[in-house]
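Chains as they are written, first to last, in the working numbering: chain S, 42 to 359; chain Z, 42 to 359; chain D, 42 to 359; chain X, 42 to 359. Don't be surprised by glycine CBs; every beta carbon is placed ideally from N, CA and C. To start, the structure under review is shown below, and the notes come after it.
4 protein chains.
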Amino acid sequence: MNTFGRIFRLTDFGESHGEAIGGVIDGFPAGITMDSDFIQSELQRRSPSQHFHSTTRQESDQLRILSGIVDNLSTGAPIGFIINNEDGKKYDDAERFAIKPSHASYTYHRKYGFSDNEYFGRASARQTACRVVAGAFAKLVLRKIETAICAVDISNPQHVPGDDSVGALIACRIQGVPAGLGEPVYDKFHARLGYAMLSINGVKGFDIGKGFDASQMTGSEYNDAQKADFSYHSNHDGGVQAGITNGETIDFRVAFKPIPTIGKVQRTIDFDGNPVVLDAQSRNDRSVSPRVLPVVEAMAAMVTLDFILLHNAFSHEK
Amino acid sequence: MNTFGRIFRLTDFGESHGEAIGGVIDGFPAGITMDSDFIQSELQRRSPSQHFHSTTRQESDQLRILSGIVDNLSTGAPIGFIINNEDGKKYDDAERFAIKPSHASYTYHRKYGFSDNEYFGRASARQTACRVVAGAFAKLVLRKIETAICAVDISNPQHVPGDDSVGALIACRIQGVPAGLGEPVYDKFHARLGYAMLSINGVKGFDIGKGFDASQMTGSEYNDAQKADFSYHSNHDGGVQAGITNGETIDFRVAFKPIPTIGKVQRTIDFDGNPVVLDAQSRNDRSVSPRVLPVVEAMAAMVTLDFILLHNAFSHEK
Amino acid sequence: MNTFGRIFRLTDFGESHGEAIGGVIDGFPAGITMDSDFIQSELQRRSPSQHFHSTTRQESDQLRILSGIVDNLSTGAPIGFIINNEDGKKYDDAERFAIKPSHASYTYHRKYGFSDNEYFGRASARQTACRVVAGAFAKLVLRKIETAICAVDISNPQHVPGDDSVGALIACRIQGVPAGLGEPVYDKFHARLGYAMLSINGVKGFDIGKGFDASQMTGSEYNDAQKADFSYHSNHDGGVQAGITNGETIDFRVAFKPIPTIGKVQRTIDFDGNPVVLDAQSRNDRSVSPRVLPVVEAMAAMVTLDFILLHNAFSHEK
Amino acid sequence: MNTFGRIFRLTDFGESHGEAIGGVIDGFPAGITMDSDFIQSELQRRSPSQHFHSTTRQESDQLRILSGIVDNLSTGAPIGFIINNEDGKKYDDAERFAIKPSHASYTYHRKYGFSDNEYFGRASARQTACRVVAGAFAKLVLRKIETAICAVDISNPQHVPGDDSVGALIACRIQGVPAGLGEPVYDKFHARLGYAMLSINGVKGFDIGKGFDASQMTGSEYNDAQKADFSYHSNHDGGVQAGITNGETIDFRVAFKPIPTIGKVQRTIDFDGNPVVLDAQSRNDRSVSPRVLPVVEAMAAMVTLDFILLHNAFSHEK
């Protein structure tokens, strides 16, 4: 359940409280040239220390690759990696027993019998560092075929008090995706892409191309007709038709809810149902953006490479 | 690739042109009482003959169950089923060679080397009958634990010419879902739910709870606080927090694009890139709604039962 | 759990008591020319009516393909098929309540709460017809690359009374397998091959190359050295080294226990634990051989094609 | 491809040449009490320093658990672990370019384009330490239900020169396995058990119960009849009938080929096909036994726990 992907796969582990997080990247082709600087720079984009609104927690996020790379080339063996937790989160007792609203507190308690308030769980944003590592490896393969991914924040800026948090709306484009990727029924390209995005902490919505607006359009407005060179007059479908890529740019949006930890006092209950007041909490990011941009890109890269490898499986036989 | 689910699974086959569609339902618990009338009535809800705006094509959708049920009880063996195609689609040559805009024509051609115009592919809405069958079986188990699913059309009605098609916005609620379902990282409850919905033909968007609107809210507005009885003051999260159900109603939306086949003339190209005019096409549905409502419910039922079974795997050990 | 394979996959259903058995073949490449006569002839090799010692039950095993093939070519869509049960097994009450020794009677009862004596379960040899169909499809692809599979009975003939049954020892060779198939750790070529063989009804053992005899050899006797043209002086490893094919013939053995249904009276118990005498039973095969030969070959074909497709996934990237 | 298991799963990484090996154990139930001493002692059983005939290489095999355990209890989160490679293997140039007979040299070269002679691959026995760790965790759950596993060496001792290696025949028993585990068709209990065993380095054969001998028996000799208390008069089936456990002891055998690295000179070729003489090699184990016993047990434990969890998934519904 902690594995993502079919042929190109990430299996990861780790919580905030422990020594390290890490994972295993499987199904990575042999013979790919490593680019450690690039992978570390992707991690840096996700790192809190780089961003104005972000937490002051020190996360140097120094990646250690333990296998699968020799003489700067991938060997085809699984790539094991770890990232140490240099500054393990500490909780105070007041925080420990309150159910934090819209947080993992209560649902973890129901599922596992303990609360994630204590940072023993997997709900921490720190887990996304593993996604970024695997996504960076996927990008190394994708750039060989000139597939490029770029996520940007398109949230409407609002005047929000400094002690509150905000949601984020992210748009992402994947350019240079070959036509023919995706399965006609369940594993449609955008179905697995949406699954990937909805698995990121705090994501509450995904759409592709015209997305939700498409539901209010007519067929004659919407339909993407093609020119004599097979390029398209419009790309309302966002690069995927009938679940299969058509060679146009994949463009999709991902909606994040506001970070649940805020600088305001919140009325809640403890795990026994007693009313408690949750103090204003500090050291938080106010928005997931821009730290989440490399995470969105990483998941898109993993999905795309996975589909390319699956496509290869059948392309020999034609 | 034509299998959906992890423990409760549907594997299906079939195209419009052939004798029959059908599938195999695997991981269905033993000892569940069959309700053929209910399953057939779910199929009927999806059937074109029941709806005003729908195609006049005769699809009696008579389900034949070939295995897994004895004396009206499930045996634990896989349930094989087929539904005959009584009125196979015919295409005329003019249609055969034109790339239908926003349809499976071009992408199938790129993936498989032939066009789905010829009804040899899987992009037909007819495939969704198999989803409805598997979903109806899942509902038989869910109703034992009083989990109920209801999808409704919340599209804004618009004045649209009769020869054009429209999109659809569907809202769905799952009530009575036990708390604790879902995995913390990749297989979040709503991630697999979104994956299921995005795999339905024509779906371009999915969100849960406040969904896309959440991206424009602040944390203090959004956060769902709990009362002394652990019920919630609000349900902006749509029943899923940190990927795990919290016992509240799951509510989500699914955005469908307009049906690409329209009654208007369209300018397009043929498979050699020559400009062609695609005649106004008849015998189409104008909207996927209301036929798609049982399909949305079916996928939701399959996802929920799959999570319940996976949850059971670990609940003995506690 | 009723699915076999990773990329090339068979999901099947059906019991002896029902209308039909059948399945879905997924991951079959597009553009492969069908050969219905060949597939039917493979089914015929498995059919009881063809063999001297076999049951007299009429099983015409007429295959009906319902999808995935158009104009005699595969389309890449899943291949749905059914085979009608023309002559459904009947049980008499005496048989119904006795636990048949070394049969599925008791274990089915423990797992599902009912007995497979009543032919509601999946333990029937009839299920293997689905394996033969999928294997025949796999062979259609394999013969394009000149990979050939042949199973033979190498049991030592013994003088056994006519009312008893015998076990069988089958040897199988796969010739023309490309080098480089198989994964180094869990999905070793012979690990998946063994898994496939051990999943056939009645199989109690599998070995490859020198197999069990290898455990009594020394390294200097055993080691397969190579010549200047990379061919091997010996093939004690049976074509697989470190889990990966080396281009030599794959040769392996499969041990079947005696068919549990015999023509002799057996003392057993009923499902309440009362001693009963199970009458001599008729209409049985005395040996699984030769009917099982096409089943062994079919599983070998499915495993080999699955590995070839997975190998293709990565061969583009080199 | 470096993942073993369906619900209880190990994904591992690492080669001899690198810093560390390790893995991720997923699907481990929450609330299980850790027993680090036991896990370390299992590793010690596999460790070369413990055994007379074994290599002198120092492998302290000190396990570091990085996640999933808090206050000595499992949390339900994945368990990440690493074991440092304190004494990385060094190769000399003479060894580097020779194809070692019956070793991973040639097949790795064909699959990945480089040779495992250089210890960059996964064929090292060192990988089995990860299996032992995951198996030890599985045993912690199994001993709660009084399921116990024991492997012993039943090779016939032979007088073999000290510079040669020998094969090994291992017998293993799993006692206290609940009846009802296993799937009737592909995922038969012994099919997955055999798959697990055949995935261990050097294994060439697997059988269960009477195994290969069963192929030479008659039904009347072989059939396991039951007494009034449902216990069995004999256990020729080795505890599995029709793929499902019957509550009797599971007993099976695993045949290992001789270790390919020997102390004798071998004539072979290099990767260009030139004849070379491979010097007598030192620092080798002469037999896989007794180091492999905990590996066999570990794989058996993993398979058994996986089946128990899958069984639980459906037992609630009965």
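May I ask you to report which of helix, strand or coil DSSP gives Gly252 of chain D? helix
Cβ contact check for the segment 213-232 of chain D and the segment 215-234 of chain X: 3 or more pairs under 8 Å: no
Under the DSSP definition of a beta bridge, which residues are partnered with Phe271 of chain X? Looking at the DSSP output, Phe271 of chain X sits in no beta bridge, so it has no partner there.
Chain S contact residues for Arg137 of chain Z, given Cβ-Cβ distances below 8 Å: Result: empty, since nearest Cβ-Cβ is about 17 Å, beyond 8 Å.
What is the C-beta distance between Lys245 of chain X and Ala255 of chain D, in whole angstroms, given that I count them as a contact (C-beta under 8 Å)? The Cβ separation is near 5 Å, so the contact holds.
Return the CA-CA distance between Val201 of chain X and Thr259 of chain D, expressed in angstroms with no decimal places. C-alpha of Val201 of chain X to C-alpha of Thr259 of chain D: approximately 8 Å in a straight line.
Residues in the same chain with beta-carbon distance under 6 Å from Arg105 of chain S, minus the five sequence neighbours each way, listed in chain order, please. Ile123
Quick one: is Gly252 of chain D near chain Z, going by C-beta distance under 8 Å? no
At 7 Å on the CB atoms, spell out the chain Z contacts of Ala354 of chain X, in chain order. Ile48, Leu350, Leu351, Asn353 and Ala354
Just to confirm the assignment, what range does the alpha helix (DSSP H) spanning Leu104 of chain S have? Note, Leu104 of chain S: premise wrong, no alpha helix (DSSP H); beta strand (DSSP E) at Leu104 to Ile106.
Partners in chain X for His58 of chain S, counting only beta-carbon separations shorter than 8 Å: Val111
For Gly63 of chain X, the three-state DSSP class (helix, strand or coil): strand
Partners in chain D for Asp347 of chain X, counting only beta-carbon separations shorter than 8 Å: In chain order: nothing, as chain D lies at least about 12 Å away.
Spatially closest choice to Phe49 of chain D from D:Ser356, D:Asn353 and D:Leu346, by CA coordinates: D:Leu346
8 Å CB neighbourhood of Ala362 of chain D in its chain, flanking five on each side removed: Nothing about residue 362 of chain D can be reported from this structure: the residues present for chain D run from 42 to 359 only.
For chain Z, check one thing: does any of its Cβ atoms lie closer than 8 Å to the Cβ of Pro70 of chain X? yes
With respect to the beta strand (DSSP E) encompassing Ala71 of chain X, which residues constitute its N-terminal and C-terminal limits? Unbroken run through Ala71 of chain X: none, as it is neither H nor E.
Chain-order list of residues whose beta-carbon lies under 7 Å from that of Phe348 of chain S (same chain, five-residue window excluded): Leu222, Gly223 and Phe230
Do you know how far the Cα of Ser165 of chain X is from the Cα of Val281 of chain X? 32 Å
Going by DSSP in three states, Asn353 of chain D sits in which element: helix, strand or coil? helix
Is it the case that the Cβ atoms of Ala192 of chain X and Glu289 of chain X are separated by a distance below 8 Å? no
I think Val173 of chain D touches Pro335 of chain D, with their Cβ atoms under 8 Å apart; what is that distance to the nearest whole Å? 5 Å
Of all the CB atoms in chain D, is at least one closer than 8 Å to the CB of Val182 of chain Z? no
Of all the CB atoms in chain D, is at least one closer than 8 Å to the CB of Thr52 of chain Z? yes
Can you find a C-beta in chain Z that's less than 8 Å from the C-beta of Ser397 of chain S? Within the shown structure, residues of chain S are numbered from 42 to 359, placing residue 397 of chain S beyond reach of any answer.
Alpha-carbon spacing of Thr74 of chain X relative to Ile62 of chain S, whole angstroms: 22 Å
Under 8 Å by Cβ, that's how I've got Gly121 of chain D and Val65 of chain D pegged, so tell me the actual separation to the nearest angstrom. That pair is a contact at about 5 Å.
Please check the pair Pro363 of chain Z and Ile310 of chain Z, which I expect to be a contact at CB under 8 Å, by giving their CB distance rounded to whole angstroms. Residue 363 of chain Z falls outside the range modelled here, since chain Z spans only 42 to 359, and no answer is possible.
When we look at the beta-carbon of Glu56 of chain S and count the other beta-carbons within 10 Å, is it buried (16 or more) or exposed? buried
Whole-angstrom distance between Ile211 of chain D and Ser31 of chain D, CA atom to CA atom: The question about residue 31 of chain D has no answer, for chain D in this structure spans 42 to 359.
Take Ala220 of chain D as the anchor and find which of D:Phe271, D:Phe247, D:Phe79 and D:Ala118 has the nearest alpha-carbon. D:Phe271
How would you write the range of the beta strand (DSSP E) that Gln322 of chain S sits in, first residue to last? No beta strand (DSSP E) contains Gln322 of chain S, which DSSP labels as neither H nor E.
Ala145 of chain D versus Phe355 of chain Z: straight-line alpha-carbon distance, rounded: 28 Å
Helix, strand or coil: how does DSSP classify Pro335 of chain S here? Secondary structure at Pro335 of chain S: helix, using DSSP grouped into helix, strand and coil.
Pick from Z:Gly217, Z:Gly279 and Z:Tyr149 that is closest to Lys180 of chain Z, judged by C-alpha positions: Selected option, being the one with the closest Cα: Z:Gly217.
Compare the C-beta of Pro119 of chain S against all C-beta atoms of chain X and say whether one is closer than 8 Å. yes
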